[in-house]
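First up is the structure itself, then whatever we jot down about it.
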Amino acid sequence: MVQCLWLYDLRSDVLVLLMSIMLLELQISDFAIIDRLRLQLEAGFNVLTGETGAGKSIIIDALGTLRGEKTDPTFVRAGCSRARVEGVFSLSDRPDLVGVLQEYGLYEEGDEQIILTREISGESGRSVARINGRPVNTAALREVGGRLVDIHGQHEGLSLFNTRTHLDMLDRFGELLPLREQVSAIVTELRQVREELAEMRRNEARRQDRIEELRFLVEDVTAAKLQPSEEEELLRERTMVQNAARIIGLVNESYGLLYQGDEEGRRSARPIVETMAKVLTNLEELERYDSGIGAMTMSARELHYQLEDLATALRGYRSTLDGDPARLDEIEDRLTVLRDLQRKYGASVAEIMARAVGASAEIEKLLNSAEFMATLEQREHVLLTQLGQHAGEVSERRRKVGEQLAQLIERAMGDLAMRNVRFAVQIAQQEDAQGAPIGARRVAFDRTGVDQIEFMISPNPGEPLKPLARVASGGESARLLLALKSILSRVDEVPTLVFDEIDVGVGGRAGQVVGQKLWGISDTHQVLCITHLPQVAAFADAHFHISKEFSADRTRTNVRPLDEGERVDELASMLDGTPSEHSRANAREIVERANSFKREKKRCTCTDIFRTVVSKWPVETQPAASLRAMLCDATPGRTTGVPCVDQM
37 MVQCLWLYDL RSDVLVLLMS IMLLELQISD FAIIDRLRLQ LEAGFNVLTG
87 ETGAGKSIII DALGTLRGEK TDPTFVRAGC SRARVEGVFS LSDRPDLVGV
137 LQEYGLYEEG DEQIILTREI SGESGRSVAR INGRPVNTAA LREVGGRLVD
187 IHGQHEGLSL FNTRTHLDML DRFGELLPLR EQVSAIVTEL RQVREELAEM
237 RRNEARRQDR IEELRFLVED VTAAKLQPSE EEELLRERTM VQNAARIIGL
287 VNESYGLLYQ GDEEGRRSAR PIVETMAKVL TNLEELERYD SGIGAMTMSA
337 RELHYQLEDL ATALRGYRST LDGDPARLDE IEDRLTVLRD LQRKYGASVA
387 EIMARAVGAS AEIEKLLNSA EFMATLEQRE HVLLTQLGQH AGEVSERRRK
437 VGEQLAQLIE RAMGDLAMRN VRFAVQIAQQ EDAQGAPIGA RRVAFDRTGV
487 DQIEFMISPN PGEPLKPLAR VASGGESARL LLALKSILSR VDEVPTLVFD
537 EIDVGVGGRA GQVVGQKLWG ISDTHQVLCI THLPQVAAFA DAHFHISKEF
587 SADRTRTNVR PLDEGERVDE LASMLDGTPS EHSRANAREI VERANSFKRE
637 KKRCTCTDIF RTVVSKWPVE TQPAASLRAM LCDATPGRTT GVPCVDQM
């Protein structure tokens with residue numbers, strides 16, 4: 037039997053099912069009313085339920101600290117000195133995150149997990165963050181944690197209200213980022229050309245003065261005949277000449293001991309080299325009688341050679357020594373020249389030499405400024421033309437993608453009991469005489485192109501479209517966020533998405549749709565959701581119940597996973613407060629309805645897999661008929677596809 041999970045792995049470029057990163061475990065200690073908590077999550081749709089005040093949102097706050105959010109002393113459990121939060125994430129092939137970890141020195145080849153830790157002081161509220169056991173600053177934690185977990189709540193969909201994020205959302209949805217990168221490269225070069233042109237135009241007014249100024253620098257450096265590292269060599273030589281007598285004395289004494297012995301009679305008059313040669317002769321003769329001293333003979337031979345080499349080197353070094361006072365005067369004069377140049381130009385010798393090279397190039401430009409400017413202006417014109425073409429293409433694509441996104445969001449909002457909502461992507465451009473040519477107009481641009489993107493919404497019939505940030509209420513923004521996430525999840529790179537009570541104000545059939553959409557997002561992401569709606573909780577792949585316990589005048593939070601029977605009781609409690617046969621029956625019906633939906637969506641997309649695999653495998657190695665039979669015999673896996681080929 038071929039498993040669909042294996043098939044999805046083969047065709048990961050078509051369906052992203054096997055999540056490379058997910059939150060495996062969350063451990064919390066002495067955080068708010070939580071004393072000890074260990075939560076092991078599943079890869080799909082995880083649901084947390086429980087009474088208000090049991091600590092569900094506290095878990096979300098704890099996760100927020102791993103994203104680098106601010107901490108304060110109130111996070112620490114009363115009577116404790118510090119709180120601790122740790123998240124363990126699985127890690128496989130994720131080049132973008134591996135690159136970030138390597139940049140901070142936090143990744144080693146073969147690492148399969150990322151462990152984020154935050155400890156918070158109860159006295160000051162300050163925290164210490166670690167990634168894989170190594171201390172990091174908050175910026176690094178924010179960089180890494182923000183790529184691992186995204187938290188959304190009824191009042192936390194702030195990215196929706198930030199117009200700067202609307203452009204990124206639209207471009208990710210429309211897969212326009214590669215085109216945008218081309219625009220960015222053109223803009224970068226264009227700005228460099230314009231900066232160079234502006235500098236030349238500024239210099240044109242004082243061109244002759246600038247040429248003279250640069251010529252003085254070049255003439256000074258040329259006349260001084262500066263050499264790299266010359267100053268260091270002069271200082272070393274000056275020290276040698278100033279102490280020539282003592283240096284020559286030390287060298288002569290050392291050489292004499294090696295080759296001439298001690299004439300003053302303090303030691304044997306025999307030279308060290310000669311003495312060592314005698315020792316070597318003795319040992320060589322001794323070795324004929326006792327072969328066991330071979331190692332000593334070899335050491336003596338090496339010492340003899342080394343002493344001869346040392347004596348030769350000392351003799352050569354002695355011949356280079358010069359104690360002539362006239363040479364000291366020459367060195368002082370040369371150092372004075374170097375010091376004068378350093379004071380004049382306020383830089384080191386190496387920097388002055390580099391300036392002279394640059395000055396020569398600038399003189400050439402200034403003497404031929406008209407030609408250089410003409411060349412730059414021509415390049416500016418070419419780049420502006422290219423920018424207009426590429427940015428215009430991106431803009432047109434954005435208009436089409438914006439219409440598609442608006443239709444999908446309106447449809448999703450209708451599913452969420454907001455059928456009258458109208459949504460639109462407003463694309464505006466600003467006139468600029470120095471901008472990119474778009475048709476007959478000149479339009480302002482930046483590295484993203486020429487468009488200013490803003491999401492517009494009309495929540496009620498007859499009302500005009502207005503900016504999303506000024507119109508959507510908390511409940512509307514939560515549902516709009518869910519609609520966007522369900523649509524954009526396939527291009528969202530953050531692997532773990534947390535939804536904190538975004539179903540507030542939703543009920544009935546709309547609640548079931550919320551559950552469907554959240555479970556659908558879990559096809560490509562790990563989803564953690566806090567909910568009060570049984571219609572949402574019924575879609576859980578893993579259901580956890582959160583409760584408060586009281587002991588010894590203390591309150592603590594307890595989390596436990598629920599089996600199928602306990603899930604029914606929990607949903608019944610959510611429906612009716614206290615489980616009864618009637619509420620249990622309703623709960624079982626809700627669960628069965630959710631399971632039926634999930635089973636339907638779990639059917640293998642055999643047709644799609646069949647076409648993809650056949651297109652990638654050589655026909656001679658995998659005959660189409662046998663491959664088709666293999667696929668249709670596959671165990672269904674999770675996706676949003678169509679029935680098996682044989683059922684169509």
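Converting from the sequence shown to the numbering used here requires adding 36 to each position, the first position being numbered 1.
All residues carry an ideal CB built from backbone N, CA and C; glycine is no exception.
Return helix, strand or coil for Thr-107, following the three-state DSSP convention. Counting from 1 along the sequence shown, the entry for residue 107 is found at position 71. Looking at Thr-107 - three-state DSSP - the assignment turns out to be coil, as it is neither helix nor strand.
Using the C-alpha atoms, what's the distance from Glu-400 back to Gln-228? To locate residue 228, count along the sequence shown from 1; it is residue 192. To locate residue 400, count along the sequence shown from 1; it is residue 364. If you take the alpha carbons of Gln-228 and Glu-400, they lie about 20 angstroms apart.
C-beta contact flag for Glu-398 and Leu-233 at 8 angstroms: As a first step, residue 398 must be located in the sequence shown, where it is residue number 362. As a first step, residue 233 must be located in the sequence shown, where it is residue number 197. No; because the gap between Cβ atoms is not below 8 angstroms, this pair is not in contact.
Please report the distance separating the alpha-carbon of Ile-367 from that of Arg-415. To locate residue 367, count along the sequence shown from 1; it is residue 331. To locate residue 415, count along the sequence shown from 1; it is residue 379. Cα to Cα, the separation comes out at about 51 angstroms.
C-beta contact flag for Arg-208 and Leu-516 at 8 angstroms: In the sequence shown, the residue the question calls residue 208 occupies position 172. In the sequence shown, the residue the question calls residue 516 occupies position 480. Result no, Cβ atoms of Arg-208 and Leu-516 do not sit closer than 8 angstroms.
Looking at the structure shown, is Ile-96 part of a helix, part of a strand, or coil, going by DSSP? Here the question's residue 96 lines up with position 60 in the sequence shown. Note: Ile-96 maps to helix in three-state DSSP.
When the Cα of Glu-537 is compared with those of Glu-61, Leu-554, Asp-528 and Arg-526, which residue comes out closest? Counted from its first residue, the sequence shown places residue 537 at position 501. Of the listed residues, the one whose Cα sits closest to Glu-537 is Leu-554.
Beta carbon of Ala-574 nearer than 8 angstroms to that of Ala-630: For the purposes of this step, residue 574 is identified with residue 538 of the sequence shown, where counting begins at 1. For the purposes of this step, residue 630 is identified with residue 594 of the sequence shown, where counting begins at 1. Yes, the pair counts as a contact, with Cβ atoms nearer than the cut-off.
Alpha carbons only, please: which of Ile-474, Gly-382 and Ala-395 is nearest the one belonging to Gln-466? Looking up residue 466 in the sequence shown gives position 430. The residue with the shortest Cα to Cα distance from Gln-466 is Ile-474.
Looking at the secondary structure, which residues open and close the beta strand (DSSP E) in which Met-492 lies? Taking the sequence shown and counting its residues from 1, the one referred to as residue 492 is at position 456. Per DSSP, Met-492 belongs to the beta strand (DSSP E) from 488-494.
With Gln-562 as the anchor, note down where its beta strand (DSSP E) starts and where it stops. In the sequence shown, the residue the question calls residue 562 occupies position 526. That run of the beta strand (DSSP E) goes 562-566.
Going by the beta-carbon positions, is the gap between Gly-343 and Ile-308 smaller than 8 angstroms? In the sequence shown, counting from the first residue as 1, residue 343 sits at position 307. In the sequence shown, counting from the first residue as 1, residue 308 sits at position 272. At residue 343 the sequence reads Leu, which differs from the Gly that was named. The answer is yes: Cβ separation under 8 angstroms.
For the beta strand (DSSP E) containing Ile-70, list its first residue and its last residue. Against the sequence shown, residue 70 aligns to sequence position 34. Where Ile-70 is concerned, the enclosing beta strand (DSSP E) stretches over 70-76.
DSSP state of Ser-65, grouped into three classes? The residue given as residue 65 occupies position 29 in the sequence shown. Strand at Ser-65.
What are the start and end residues of each continuous beta strand (DSSP E) run of 3 or more residues lying completely inside the segment 129-201, in chain order? 149-157, 163-167, 170-172 and 185-189
Buried versus exposed, by CB contacts within 10 Å (16 or more), Phe-580: Translated into the one-based positions of the sequence shown, residue 580 becomes position 544. So Phe-580 counts as buried.
Taking its Cβ as the centre, do 16 or more other Cβ atoms sit within 10 Å of Glu-688, making it buried, or is it exposed? Here the chain comprises residues numbered 37 to 684, so residue 688 is not present and cannot be evaluated.
By alpha-carbon positions, which one of Thr-275, Tyr-353 and Glu-266 ends up nearest to Arg-375? Here residue 375 refers to the residue found at position 339 when the sequence shown is read from its first residue. Of the listed residues, the one whose Cα sits closest to Arg-375 is Glu-266.
Can you tell me which of the three DSSP states Gln-571 falls into? On the sequence shown, position 535 is the one that residue 571 refers to. Three-state DSSP puts Gln-571 in a helix.
Please list, in chain order, all residues of the same chain as Thr-101 whose beta carbon is under 8 angstroms from its beta carbon, the five residues on each side excluded. Working through the sequence shown from its first residue, we reach residue 101 at position 65. These residues qualify, in order along the chain: Thr-107, Phe-111, Val-121, Arg-154, Ile-156 and Ser-163.
Contact set for Lys-92: own chain, Cβ-Cβ below 7 angstroms, skip 5 residues either direction: In the sequence shown, the residue the question calls residue 92 occupies position 56. Correct list, in chain order: Leu-84, Gly-86, Ile-566 and Ile-582.
Report the rounded CA-to-CA distance for Thr-484 versus Ile-222, giving the unit in angstroms. Looking up residue 484 in the sequence shown gives position 448. Looking up residue 222 in the sequence shown gives position 186. If I take the Cα positions, the gap works out to 11 angstroms.
Name the residue from His-561, Ile-557 and Gln-548 whose alpha carbon lies nearest to the alpha carbon of His-568. Taking the sequence shown and counting its residues from 1, the one referred to as residue 568 is at position 532. Of His-561, Ile-557 and Gln-548, the residue nearest in Cα terms is Gln-548.
Taking the alpha-carbon of Arg-216 as reference, which of Val-479, Gln-425, Arg-624 and Glu-606 has the nearest alpha-carbon? As a position in the sequence shown, residue 216 is number 180, starting the count at 1. That would be Gln-425, whose Cα lies nearest to the Cα of Arg-216.
Just the Cα atoms here: how many angstroms apart are Gly-182 and Val-530? Within the sequence shown, residue 182 is the residue found at index 146, counting from 1. Within the sequence shown, residue 530 is the residue found at index 494, counting from 1. Going from the Cα of Gly-182 to the Cα of Val-530 covers about 8 angstroms.
Complete runs of the alpha helix (DSSP H) confined to the segment 340-412 [at least 4 residues]: 361-381 and 385-403
Euclidean distance between Cα positions of Phe-646 and Glu-78: For the purposes of this step, residue 646 is taken as residue 610 along the sequence shown, with counting starting at 1. For the purposes of this step, residue 78 is taken as residue 42 along the sequence shown, with counting starting at 1. For Phe-646, the predicted structure reports a pLDDT of 49, less than 50, and the residue's modelled location is therefore unreliable. A value from the coordinates is still provided. Each residue's Cα considered, the two are about 29 angstroms apart.
Cβ contact (3+ pairs, closer than 8 angstroms) linking the segment 403-411 and the segment 250-261: no
Residues of its chain near Glu-446, where Cβ-Cβ distance is below 7 angstroms and the 5 sequence neighbours each way are ignored: Walking along the sequence shown from the start, residue 446 turns up at place 410. Around Glu-446: Val-457, Arg-458 and Phe-459.
Check the DSSP bridge columns for Gly-485 and list the partner residues they point to. Counting from 1 along the sequence shown, the entry for residue 485 is found at position 449. Paired residues: Asp-482.
What is the DSSP secondary structure of Arg-596, counted as helix, strand or coil? The residue labelled residue 596 in the question sits at position 560 within the sequence shown. Strand.
How many angstroms separate the CA atom of Ala-395 from the CA atom of Lys-380? Residue 395 sits at position 359 when you count from the first residue of the sequence shown. Residue 380 sits at position 344 when you count from the first residue of the sequence shown. Taking the straight line from one Cα to the other gives about 16 angstroms.
Rounded distance between the beta-carbons of Leu-99 and Val-534, thought under 8 angstroms: Position 498 of the sequence shown, counted from the start, is the residue given in the question as residue 534. Position 63 of the sequence shown, counted from the start, is the residue given in the question as residue 99. With a Cβ gap of about 6 angstroms, Val-534 and Leu-99 count as contacting.
Please report whether the beta-carbon of Ile-329 lies at a distance below 8 angstroms from any beta-carbon of chain E. Protein chains in the displayed structure number just one, and chain E is not present.
Might you give, ordered along the chain, the residues of its own chain that have their beta carbon closer than 7 angstroms to the beta carbon of Phe-633, omitting 5 neighbours on each side? For the purposes of this step, residue 633 is identified with residue 597 of the sequence shown, where counting begins at 1. Excluding residues within five positions, the ones whose Cβ falls inside 7 angstroms are Gln-552.
Terminal residues of the beta strand (DSSP E) in which Ala-630 lies: As a working mapping, residue 630 is identified with position 594 in the sequence shown. From DSSP, Ala-630 is part of no beta strand (DSSP E) but of the alpha helix (DSSP H) over 617-637.
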